[in-house]
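Protein chains in written order, with our numbering: chain A, 30 to 592; chain B, 30 to 262.
Report on the structure given below.
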Amino acid sequence: MNSIMSLLTVSSPPSEVDWASKSYLVVDDFAGVRQLLREGLRSLGAKNIDQATSGGEAMGLLGRTRYDVVLCDHNLGEGKDGQQVLEEARLRNLVNPSTVWIMVSAEKSIESVMGAAEHQPDAYLIKPITEGVLLARLNRVWKKKQVFRLIDQAYAEKDYLRAARLCDEQIDASGVHEIELLRMKACLMERSGEFEQARNAYERVLAQREYQWARAGLAKLRMANGEYEQARQIFEGVIAENPHYIDAYDQLAATCQAMGQFEEACAVLERAARLSPNSVPRQRNLGTLAFKLGNIALAEKAFRKCVAVGEYSVRKTPDAYFGMARVCGLKNDPKEALQWLAAAQREFGGEQGSLGLRSKTTEGLVYHESGDYRRARRSGDELEALLRERADRPDIETCMEMATLLFAVGVRDAPVDLLCYVIRNNHDHAVLLDEVQKLFEKARMSEEGEELIRESCKQASDLMNQGVLLWKTGKLREAVEWMRNARVALPNNQRILFNAAQVLVSHMQKYGFDAALAQEANEVLLQVDRLQPGQQRFAQLMEQLVALMPKEEAPAGGAQQAA
Amino acid sequence: MDESPRSHELFLFLASTAHDMKNSISVLSGTLERLLADAPPAAPAYPHMAHMLNQTRRLNNQLMQLLALYKQVGTSAYPFDMQPIEVGQLADQVAASERVLLQSCGVALEIDCDPRLVWHLDEDLIIGVLAHAIHNAANYTRDRVRLAIAEVDGCLELRVEDNGPGYPQAMLEAGVAAMTGLGGVNFLTNSAGLGLYFSSEVAKMHRHRGRHGTLGLENGGAYGGGCFVLTLP
Numbered sequence: 030m031n032s033i034m035s036l037l038t039v040s041s042p043p044s045e046v047d048w049a050s051k052s053y054l055v056v057d058d059f060a061g062v063r064q065l066l067r068e069g070l071r072s073l074g075a076k077n078i079d080q081a082t083s084g085g086e087a088m089g090l091l092g093r094t095r096y097d098v099v100l101c102d103h104n105l106g107e108g109k110d111g112q113q114v115l116e117e118a119r120l121r122n123l124v125n126p127s128t129v130w131i132m133v134s135a136e137k138s139i140e141s142v143m144g145a146a147e148h149q150p151d152a153y154l155i156k157p158i159t160e161g162v163l164l165a166r167l168n169r170v171w172k173k174k175q176v177f178r179l180i181d182q183a184y185a186e187k188d189y190l191r192a193a194r195l196c197d198e199q200i201d202a203s204g205v206h207e208i209e210l211l212r213m214k215a216c217l218m219e220r221s222g223e224f225e226q227a228r229n230a231y232e233r234v235l236a237q238r239e240y241q242w243a244r245a246g247l248a249k250l251r252m253a254n255g256e257y258e259q260a261r262q263i264f265e266g267v268i269a270e271n272p273h274y275i276d277a278y279d280q281l282a283a284t285c286q287a288m289g290q291f292e293e294a295c296a297v298l299e300r301a302a303r304l305s306p307n308s309v310p311r312q313r314n315l316g317t318l319a320f321k322l323g324n325i326a327l328a329e330k331a332f333r334k335c336v337a338v339g340e341y342s343v344r345k346t347p348d349a350y351f352g353m354a355r356v357c358g359l360k361n362d363p364k365e366a367l368q369w370l371a372a373a374q375r376e377f378g379g380e381q382g383s384l385g386l387r388s389k390t391t392e393g394l395v396y397h398e399s400g401d402y403r404r405a406r407r408s409g410d411e412l413e414a415l416l417r418e419r420a421d422r423p424d425i426e427t428c429m430e431m432a433t434l435l436f437a438v439g440v441r442d443a444p445v446d447l448l449c450y451v452i453r454n455n456h457d458h459a460v461l462l463d464e465v466q467k468l469f470e471k472a473r474m475s476e477e478g479e480e481l482i483r484e485s486c487k488q489a490s491d492l493m494n495q496g497v498l499l500w501k502t503g504k505l506r507e508a509v510e511w512m513r514n515a516r517v518a519l520p521n522n523q524r525i526l527f528n529a530a531q532v533l534v535s536h537m538q539k540y541g542f543d544a545a546l547a548q549e550a551n552e553v554l555l556q557v558d559r560l561q562p563g564q565q566r567f568a569q570l571m572e573q574l575v576a577l578m579p580k581e582e583a584p585a586g587g588a589q590q591a592a
Numbered sequence: 030m031d032e033s034p035r036s037h038e039l040f041l042f043l044a045s046t047a048h049d050m051k052n053s054i055s056v057l058s059g060t061l062e063r064l065l066a067d068a069p070p071a072a073p074a075y076p077h078m079a080h081m082l083n084q085t086r087r088l089n090n091q092l093m094q095l096l097a098l099y100k101q102v103g104t105s106a107y108p109f110d111m112q113p114i115e116v117g118q119l120a121d122q123v124a125a126s127e128r129v130l131l132q133s134c135g136v137a138l139e140i141d142c143d144p145r146l147v148w149h150l151d152e153d154l155i156i157g158v159l160a161h162a163i164h165n166a167a168n169y170t171r172d173r174v175r176l177a178i179a180e181v182d183g184c185l186e187l188r189v190e191d192n193g194p195g196y197p198q199a200m201l202e203a204g205v206a207a208m209t210g211l212g213g214v215n216f217l218t219n220s221a222g223l224g225l226y227f228s229s230e231v232a233k234m235h236r237h238r239g240r241h242g243t244l245g246l247e248n249g250g251a252y253g254g255g256c257f258v259l260t261l262p
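So this is what it looks like as structure tokens:
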């Protein structure tokens with residue numbers, strides 16, 4: 030049991046992984062540290078080492094080469110920081126799931142505490158880095174990736190139930206990975222809408238230790254179950270215990286919002302933004318909420334910060350630009366508002382399908398709010414023309430905003446069509462139906478509105494019921510065809526989408542696997558998961574679908590097993 | 030906290046300077062380790078380089094401790110990061126980071142632990158505490174240091190023992206003071222005060238079911254010298 034210095038690594042033999050054959054990227058703005066890291070890696074036998082002095086340079090190299098290991102300093106001076114490089118590399122798929130990403134920093138930061146950030150590196154290293162610690166963390170990450178390899182693969186295929194079973198198979202015998210496997214299982218169960226099982230996994234963690242993420246996980250489940258008050262209390266407890274657990278603030282704010290406590294939600298987000306200001310989504314949420322509450326000064330501060338933080342971030346959002354335009358409108362400065370809209374067009378023009386619609390809507394609202402009704406009407410007419418040019422419609426929120434503007438400037442048919450579209454695609458969403466009815470009332474169309482809503486709901490359920498009837502009577506070919514057409518008419522109706530996937534799966538279960546049908550079912554399911562994640566029916570259908578797939582010879586990405 | 034623009038500016042300077050200092054010390058200590066690892070121990074420069082490494086690591090430990098204290102280690106304001114860690118990996122990392130330093134002053138390190146034992150702790154903080162304790166022991170021992178980690182009465186006991194003459198009475202009292210928070214004066218006058226204070230704050234941050242970690246100094250142990258004992262619930 031005893032071992033003397035010279036037999037240093039008793040518990041992890043160095044021969045475990047062939048680190049010499051791997052490719053490395055070292056990112057640090059300080060030449061001395063780059064050299065030190067390079068020498069450290071060379072002493073592991075590494076020959077293939079690239080280096081970058083800035084986030085931008087790192088992105089260039091990551092775009093050309095798939096590295097096995099990335100050692101990236103968090104603080105890179107001007108431009109992107111290490112976290113932004115990581116986020117962009119992951120979102121643009123420039124790194125493999127097997128890539129080991131180690132974030133290096135001078136000191137422990139609140140963002141580095143486990144579970145605080147959405148895109149976590151595989152490990153953090155605090156300077157000064159010694160070879161021994163570097164090797165130990167590399168080996169540990171490698172081992173963990175081996176344990177999670179099949180789970181991550183199932184997760185990437187969105188077969189959450191299979192991934193959860195794979196977790197179960199390893200939990201008892203896993204020792205040091207038990208907590209992380211339970212965490213993964215809880216997350217998978219949450220995404221599958223199996224809240225009771227998610228709760229069990231979190232409780233198992235808490236029976237061992239008071240991990241704040243597990244406690245917060247219980248609160249999230251309460252929230253999903255509509256128990257907002259209980260969720261609020263747990264989140265507040267987590268924050269009292271650990272004031273730097275930032276995720277709890279964001280969740281607490283969402284809970285307050287769900288309870289209609291917007292002032293409280295805004296105050297919570299403001300605190301979180303003070304502690305950890307460099308998050309695009311947080312600043313955006315804060316700005317939006319403050320704007321809704323009429324706190325224009327706070328909204329402006331948050332939107333400006335959101336734009337600044339987003340400058341080098343792949344997560345930058347046009348929302349902040351539109352928000353700034355509205356703020357300028359309320360400050361009676363339509364000229365600057367238009368500049369923000371132009372900036373949004375410049376920054377995001379190529380990528381966002383609904384950008385033109387949103388930009389035109391915001392323009393109209395800005396004119397309307399600053400009292401220039403003539404120009405507001407012109408924007409409304411132009412928006413109407415834009416809508417005539419295209420068949421597809423954007424997300425609910427944008428549709429509602431467009432309808433609001435169009436009614437305000439005196440247009441009738443276009444907003445009615447938009448609202449009917451919203452209803453047909455969400456015919457069983459009671460809260461939304463109320464909101465739509467309120468818009469009708471504001472436009473002095475109460476009775477007409479009620480009738481339109483009733484009619485739209487009926488159209489949707491008729492389409493669905495006919496499909497269900499075909500399915501139940503075993504006319505699967507006809508059912509597939511019917512649901513396909515229903516989907517064209519109502520592309521964002523979740524119940525239609527689920528039923529469409531169901532008939533496709535049933536068809537394959539009866540007549541055998543068909544690559545085109547499987548592909549179609551997969552797309553339909555991904556669409557519904559985008560609209561509203563965490564539904565039981567999604568996970569169940571996904572599992573049935575994946576089970577129909579012919580077994581592959583070998584798992585993809587054989588390089589992962591190269592060691 | 031005072032949020033005047035000036036104090037914010039000062040804070041940014043402190044943060045970026047600390048970052049720079051860390052980089053410089055990293056490079057210094059890394060270069061010295063490399064030079065020492067390649068140099069024959071009989072070379073005339075060897076003891077000088079060993080001394081330089083010793084002092085550089087001392088600077089580093091103190092800077093690390095000061096930064097942690099600045100970040101209010103010991104209070105809930107510190108970004109405490111508990112994770113399940115295998116005790117063997119913890120010991121390996123401590124040993125690896127102290128390897129060249131110990132070799133250069135001719136001290137052998139013995140590790141005694143069940144490598145598969147898993148405990149929940151903030152790895153970076155505990156490595157910092159143990160590295161400091163081993164460095165300190167290396168300065169007072171004759172030729173050996175022992176790192177022993179075991180589960181004792183439901184707690185994890187981490188012992189750093191040496192075969193030197195043991196702690197003088199004043200140090201043993203400073204150890205008690207570090208834990209009780211009494212006799213702060215002792216601390217400031219004692220050169221080991223910062224390290225002990227830091228270690229005791231780290232110990233206290235580790236809490237579980239109403240218990241928290243403790244720090245103790247004693248004489249005896251396997252070698253009959255000084256013992257630094259960190260106990261975590």
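We put the beta carbon where it would ideally sit given N, CA and C, even for glycine.
Note that this is a predicted model, so its numbers are computed, not measured.
Contacts that residue i makes with chain A (C-beta to C-beta distance below 7 Å)
{"i": "Asn89 (chain B)", "result": "Pro157"}
{"i": "Leu96 (chain B)", "result": "Glu136"}
{"i": "Arg145 (chain B)", "result": "Gly204"}
{"i": "His48 (chain B)", "result": "Asn104, Ala135"}
Residue from the options with nearest C-alpha to residue i
{"i": "Glu239 (chain A)", "options": "B:Asp110, B:Gln94, B:Ser133, B:Pro70", "result": "B:Asp110"}
{"i": "Ser228 (chain B)", "options": "B:Gly204, B:His237, B:Gly239, B:Asn248", "result": "B:Gly204"}
{"i": "Ala243 (chain A)", "options": "A:Leu415, A:Val129, A:Asn271", "result": "A:Asn271"}
{"i": "Ala576 (chain A)", "options": "A:Glu479, A:Ala183, A:Met132", "result": "A:Ala183"}
{"i": "Phe351 (chain A)", "options": "A:Cys295, A:Asp362, A:Glu392", "result": "A:Glu392"}
Neighbouring residues, chain A, relative to residue i (Cβ below 8 Å)
{"i": "Asn52 (chain B)", "result": "Phe59, Gly61, Val62, Ala135, Lys156"}
{"i": "His237 (chain B)", "result": "Arg238, Glu239"}
{"i": "Gln198 (chain B)", "result": "Neighbours of Gln198 (chain B) on chain A: none; closest Cβ ~31 Å, over 8 Å."}
{"i": "His164 (chain B)", "result": "Simply none; closest approach about 13 Å."}
Cβ of residue i within 7 Å of any chain B Cβ
{"i": "Ala243 (chain A)", "result": "no"}
{"i": "Arg303 (chain A)", "result": "no"}
{"i": "Ile131 (chain A)", "result": "no"}
{"i": "Leu139 (chain A)", "result": "Per the sequence presented here, residue 139 (chain A) reads as Ile, with Leu not at that position. Yes - at least one Cβ of chain B is within 7 Å of the one on Ile139 (chain A)."}
{"i": "Ile208 (chain A)", "result": "yes"}
{"i": "Ala87 (chain A)", "result": "no"}
Chain A contact for residue i (CB, 7 Å cutoff)
{"i": "Ala125 (chain B)", "result": "yes"}
{"i": "Pro113 (chain B)", "result": "yes"}
Per-residue DSSP class, three states only, for residue i
{"i": "Asn77 (chain A)", "result": "strand"}
{"i": "Ser138 (chain A)", "result": "coil"}
{"i": "Ile155 (chain B)", "result": "helix"}
{"i": "His148 (chain A)", "result": "coil"}
{"i": "Ile131 (chain A)", "result": "strand"}
{"i": "Asp491 (chain A)", "result": "helix"}
{"i": "Pro363 (chain A)", "result": "helix"}
{"i": "Thr46 (chain B)", "result": "helix"}
{"i": "Glu507 (chain A)", "result": "helix"}
Contacting residues, own chain, Cβ-Cβ under 7 Å from residue i (five flanking each side not counted)
{"i": "Leu247 (chain A)", "result": "Arg228, Tyr231, Ile263"}
{"i": "Ser388 (chain A)", "result": "Leu370, Ala373, Gln374"}
{"i": "Gly13 (chain A)", "result": "Given that chain A is displayed from residue 30 to residue 592, the structure contains no residue 13 (chain A) and the question cannot be resolved."}
Interface residues of chain B facing residue i [CB-CB closer than 9 Å]
{"i": "Asn271 (chain A)", "result": "Ser105, Pro108, Phe109"}
{"i": "Gly161 (chain A)", "result": "Asp121, Gln122, Val123, Ala124, Ala125, Ser126, Glu127, Arg128"}
Contact set between residue i and chain B, taken where Cβ atoms lie within less than 7 Å
{"i": "Glu299 (chain A)", "result": "None at all; the shortest Cβ gap to chain B is about 14 Å."}
Contact set for residue i: own chain, Cβ-Cβ below 8 Å, skip 5 residues either direction
{"i": "Leu91 (chain A)", "result": "Leu54, Val99, Val114, Ala118, Leu123, Val124"}
{"i": "Cys196 (chain A)", "result": "Ile180, Leu210, Leu211, Met213, Lys214, Leu217"}
Under 8 Å from the C-beta of residue i: neighbouring residues of chain B
{"i": "Arg169 (chain A)", "result": "Gln118"}
{"i": "Leu211 (chain A)", "result": "Those within 8 Å of Leu211 (chain A) in chain B number zero; the least Cβ separation is about 10 Å."}
{"i": "Leu65 (chain A)", "result": "Ser55, Val56, Gly59, Thr60"}
Beta-carbon contacts of residue i that lie in its chain and below 6 Å, excluding the five residues immediately before and after
{"i": "Leu574 (chain A)", "result": "Val534, Ala550"}
Residue-level contact to chain C via CB, residue i, 7 Å cutoff
{"i": "Pro262 (chain B)", "result": "In summary, chain C is missing from the structure at hand, where the protein chains are A and B."}
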